[in-house]
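A.B. asks: The opening position of the sequence shown corresponds to residue 14 in the numbering used here, with each subsequent residue numbered one higher. All residues carry an ideal CB built from backbone N, CA and C; glycine is no exception. Note that the coordinates shown come from a computational prediction; the quantities given were computed from them, not determined experimentally.
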Amino acid sequence: MKKKVEDILAEEKITAQTIKEEADASPKTIKSASQLYAYLQTPKDQWSALEKKQVKSRIQHSVETISRRKTRRIWFTAASVFILALSGGIWYSQIDQHSEIADFANSIEENKTDTITRLVLSESRAIEIPEVESEIQYNTKGEEIAIGSSQTVQQKLEPVKPSYNTLTVPYGKRSKITLSEGTTIWLNSGSKLVYPAVFAENKREVYLDGEAIFEVSRNPEKPFIVKSQQYDIEVIGTIFNLNAYSEDKNSSTVLKEGSIKLTRKTKAYLPAENKIVSPGEMITFNRNEEKFQVRQVDPSDYLSWHHGYYIFRSETLGNILTRISRYYNIEIDLKDKQLAGVTFSGRLDLKSSPEEVLNTIKKTTPFNFKEEEQRITIY
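1. Contact between the region 180–199 and the region 119–138: three or more CB pairs below 8 Å?
2. DSSP three-state label for residue 338, please.
3. Considering only residues of the same chain and omitting the five flanking positions on each side of residue 381, which have a CB-CB separation below 6 Å?
4. In whole angstroms, give me the CA-to-CA distance for residue 146 and residue 188.
5. Look at residue 202 and residue 339 and say whether their C-beta atoms are less than 7 Å apart.
6. Name, in chain order, the residues that DSSP records as bridge partners for residue 243.
7. Buried or exposed, going by whether 16 or more other CB atoms sit within 10 Å of the CB of residue 351?
8. Taking a contact to mean a Cβ-Cβ separation below 7 Å, would you say residue 305 touches residue 325 in this structure?
9. Check for me: the alpha helix (DSSP H) holding residue 370 runs from which residue to which?
10. Quick check on residue 117: does DSSP put it in helix, strand or coil?
11. Can you list the alpha helix (DSSP H) stretches of 4 or more residues lying completely in the region 283–364, in chain order?
12. Please report the distance separating the alpha-carbon of residue 216 from that of residue 235.
13. Closest by CA to residue 224, which one among 318, 341, 390?
14. Buried or exposed: where does residue 92 fall if 16 or more other Cβ atoms within 10 Å of its Cβ makes it buried?
15. Taking 6 Å as the limit between beta carbons, can you name the residues of its chain near residue 139, skipping five residues before and five after?
16. In whole angstroms, what is the alpha-carbon distance linking residue 364 and residue 316?
17. May I ask which residues mark the beginning and end of the beta strand (DSSP E) holding residue 211?
18. Go ahead and label residue 218 buried or exposed: buried means 16 or more other beta carbons lie within 10 angstroms of its beta carbon, across all protein chains shown.
19. Cα-Cα, which of 262, 211, 335, 336 is closest to residue 300?
20. Would you kindly work out how many angstroms separate the C-alpha atoms of residue 341 and residue 334, rounded to a whole number?
21. Closest by CA to residue 231, which one among 213, 266, 272, 260?
22. Residue 249 by DSSP, collapsed to three states: which one?
23. Taking Cβ positions, are residue 226 and residue 199 nearer each other than 7 Å?
24. If you drop the 5 nearest sequence neighbours on each side, which residues of the same chain put their C-beta closer than 8 Å to that of residue 346?
25. Please classify residue 331: is it buried, with 16 or more other beta-carbons within 10 angstroms of its beta-carbon, or exposed?
26. Expressed to the nearest angstrom, what Euclidean distance is found between the alpha-carbon atoms of residue 395 and residue 322?
27. In angstroms with no decimal places, state the Cα-to-Cα distance between residue 354 and residue 116.
28. Should residue 172 be labelled buried (16 or more other beta-carbon atoms within 10 Å of its own) or exposed?
29. Counting C-beta neighbours from all protein chains within 10 Å, is the total for residue 256 16 or more, i.e. buried, or is it exposed?
30. For residue 4, which residues from the same chain have a beta carbon less than 6 Å from its beta carbon, with the 5 sequence-adjacent residues on both sides left out?
31. Looking at the strands, I want to know which residues DSSP matches up with residue 380.
32. Suppose you measure from the CA of residue 384 to the CA of residue 285; what does that come to, to the nearest Å?
33. Return the chain-ordered list of same chain residues with a C-beta closer than 6 Å to the C-beta of residue 241, the five sequence neighbours on each side being excluded.
34. How about residue 267 and residue 209: are their beta carbons less than 7 Å apart?
35. Can you tell me where the beta strand (DSSP E) holding residue 156 begins and where it ends?
36. Between the C-alpha atoms of residue 260 and residue 158, what's the straight-line distance to the nearest angstrom?
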């Protein structure tokens with residue numbers, strides 16, 4: 014993607030001050046970023062050949078002083094791009110390019126009011142699945158799809174390009190899907206999963222907007238990557254829950270077993286941020302603060318929803334109501350905003366009605382509610 018220097022700096026909102034205030038960067042990284050920024054701000058047609066050579070030398074020297082691990086590789090790539098731009102003043106954005114599957118997922122138009130689970134195949138054929146709890150299973154070639162126990166669908170695959178399928182699960186519905194290589198995924202209400210019918214030879218990559226439990230088929234030669242709006246998760250074989258709704262301020266991952274690596278998308282002039290998660294850890298990312306937080310949890314609490322119940326430990330009522338609203342596809346209006354911060358601990362049986370679930374919470378968290386058509390008001 015070709016862009017002018019001014020366009021890139023404007024889009025990324027990069028200034029000399031924002032570089033200095035980057036809290037997560039080391040002094041050496043900030044120094045190199047400042048040098049690169051100063052170069053970009055200067056009109057290239059005013060530079061002599063000697064000045065260009067001197068700038069190239071300074072950038073290379075700065076890069077070589079950075080850590081010899083991943084940070085060094087990323088900055089060396091960035092510096093090379095800047096050096097190539099000397100002659101033409103063109104900036105190639107190598108660092109913040111989206112993957113093909115992420116671009117495809119973000120191009121899909123969604124209908125948030127839909128009430129039917131839909132499986133959209135790569136040839137744009139849509140299959141409606143009316144069940145509240147649905148199950149989908151691919152054969153190893155990705156060409157035959159079993160939906161429940163009574164429906165089988167054939168899919169024609171293009172050998173020269175990836176065939177992306179999309180499973181959209183609306184509020185009030187859930188779905189279980191087994192991919193062609195054996196990975197099983199449980200999708201919670203209001204979730205979208207984009208995946209290839211058959212994975213490429215060198216990688217397994219899917220995209221999630223929503224919440225899902227992944228039980229990844231182990232293959233050390235081909236890591237499994239889950240992409241979301243805020244960060245990517247790389248695994249070999251493991252079980253974890255990812256809660257990453259695009260409309261939420263926070264996204265989180267809880268690992269039950271195995272090991273996963275989270276890679277956060279960062280500003281273009283800084284290296285990507287990585288976090289290794291161990292079993293029993295919950296890592297939360299706050300979009301506003303752009304920070305990870307890690308704490309110890311019982312993973313079973315966060316994987317219980319696909320067994321038909323929620324377990325909460327000192328969870329705020331605001332977060333609980335959001336999850337209930339999605340699970341039952343019912344609008345919940347919290348009139349007293351102070352109640353949103355009140356905490357609740359306990360088990361909620363999701364086979365019960367929304368009213369019964371709220372009455373369970375009321376036993377320890379005082380509030381009143383009234384119900385209307387597909388709407389509950391809490392006060």
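C.D. replies: The short version:
1. Taking 8 Å as the limit for Cβ pairs, the verdict is that the region 119–138 does touch the region 180–199.
2. Three-state DSSP puts residue 338 in a helix.
3. Excluding its 5 nearest sequence neighbours in each direction, residue 381 has C-beta neighbours in its own chain below 6 Å: 392, listed in chain order.
4. Residue 146 and residue 188 have their C-alpha atoms some 6 Å from each other.
5. In this structure, residue 339 lies closer than 7 Å to residue 202 by Cβ.
6. Its beta-bridge partners do not exist; DSSP assigns none.
7. Exposed, by the Cβ-count rule.
8. Contact: no.
9. 367–375 is the span of the alpha helix (DSSP H), which, as asked, contains residue 370.
10. In the displayed model, residue 117 falls within a helix according to three-state DSSP.
11. You should have 312–316, 330–341.
12. Whole-angstrom Cα-Cα distance: 5 Å.
13. The option with the nearest alpha carbon to residue 224 is 318.
14. The predicted model places residue 92 with a pLDDT of 40, which falls under 50 and marks its position as unreliable; any figure quoted below should be read in that light. Under this definition residue 92 is a buried residue.
15. The residues are 131, 133.
16. When rounded, the distance between both Cα atoms is 16 Å.
17. Premise fails: residue 211 is in no beta strand (DSSP E) and is neither H nor E.
18. If you draw a 10 Å sphere on the C-beta of residue 218, you find 16 or more other C-beta atoms in it, and that means buried.
19. Out of 262, 211, 335, 336, 262 has the C-alpha closest to the C-alpha of residue 300.
20. In a straight line, the C-alpha of residue 341 is about 11 Å away from that of residue 334.
21. For residue 231, the closest C-alpha among the options 213, 266, 272, 260 is that of 272.
22. Note: residue 249 maps to coil in three-state DSSP.
23. Yes, Cβ-Cβ distance for residue 226 and residue 199 is below 7 Å.
24. Its chain contains 388, 389, 390, 391 as the residues whose beta carbon lies nearer than 8 Å to that of residue 346, once the 5 sequence neighbours on both sides are disregarded; these appear in chain order.
25. That one is exposed.
26. For the chain, the structure presents residues 14 to 392; residue 395 sits outside this window and is missing.
27. Here the alpha carbon of residue 354 sits roughly 36 Å from the alpha carbon of residue 116.
28. Burial is judged here by how many other beta carbons sit within 10 angstroms of a residue's own beta carbon; residue 172 has fewer than 16 and is exposed.
29. Result: buried.
30. Outside the displayed span of the chain (14 to 392) sits residue 4, for which this structure offers no information.
31. Per DSSP, none; premise fails for residue 380.
32. The alpha-carbon atoms of residue 384 and residue 285 are separated by roughly 47 Å.
33. By the criterion of a C-beta distance shorter than 6 Å, residue 241 is surrounded in its chain by 221, 257, once the five residues flanking it on both sides are discounted.
34. No Cβ-Cβ contact shorter than 7 Å links residue 267 with residue 209.
35. Residue 156 -> no beta strand (DSSP E), and no H or E assigned at all.
36. Approximately 31 Å between the Cα atoms of the pair.
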